[in-house]
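Right, one structure below, let's go through it.
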Amino acid sequence: DMESKRMKEVGKLHSQIEYQKDHPMTLEGRLDYTAVADDPETRRVRDVTMMASEVEYERKDKPRREIYQTVTDDMESKRMKEVGKLHSQVEYQKDHPMTLEGRLDYTAVADDPETRRVRDVTMMASEVEYERKDKPRREIYQTVTDDMESKR
């Protein structure tokens, strides 16, 4: 529709304006940068700038790297990893009891008309609750058609 087409054009114009703030253009529409000679002095300045940038990166990155520690993959660390897995399984089984066959131990429910009715009522109540909570989020978005006119 016309509104979505107008919004698309406004978005393109805004994007061009923001781009030109960071990247000045000449009157011919080319980026306005000056060519620099590739002489020894220019290469030296470029290399010094790169080294300074790497030093700055290392300075900022060092505290983040100090948080982590390299661990060797020896027999002791493998054993500790296995112990951790076993401990995790034991803790999980405390909260989720299993049958002897290894399935979660839940009570089977009869599949009779009354059970199906309760399940359907619960499902509908859940959908109504979801719609009630989701409605404010959906109201802030607008549906836009994806036709050939809006793709141009």
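To get the numbering used here, take the position in the sequence shown, counting from 1, and add 14. Positions of the beta carbon are idealized from the N, C-alpha and C atoms, including for glycine.
Inter-residue spacing [alpha-carbon to alpha-carbon] between residue i and residue j
i, j, result
"ARG131", "ASP148", "25 angstroms"
"SER91", "GLN83", "13 angstroms"
"ALA51", "MET65", "20 angstroms"
"HIS28", "ASP15", "20 angstroms"
"GLU128", "GLU96", "47 angstroms"
"GLU68", "ILE81", "20 angstroms"
"ASP36", "GLU23", "21 angstroms"
"ARG133", "ALA124", "12 angstroms"
"GLU145", "MET21", "29 angstroms"
"GLY25", "ILE154", "18 angstroms"
"SER102", "ASP88", "21 angstroms"
"ASP58", "ASP75", "Sequence check: residue 58 is Arg here, not Asp. Looking at the two C-alpha atoms, the distance is approximately 25 angstroms."
"ALA122", "VAL104", "24 angstroms"
"SER140", "ARG152", "18 angstroms"
"LYS108", "MET94", "21 angstroms"
"GLY98", "THR86", "17 angstroms"
Range covered by the alpha helix (DSSP H) that runs through residue i
i, result
"ALA139", "127-153"
inquiry  = Just to confirm the assignment: which complete alpha helix (DSSP H) runs, minimum length 4, are found wholly within the segment 27-109?
reply    = Within the segment 27-109, the complete alpha helix (DSSP H) runs of at least 4 residues are 54-81, 89-109.
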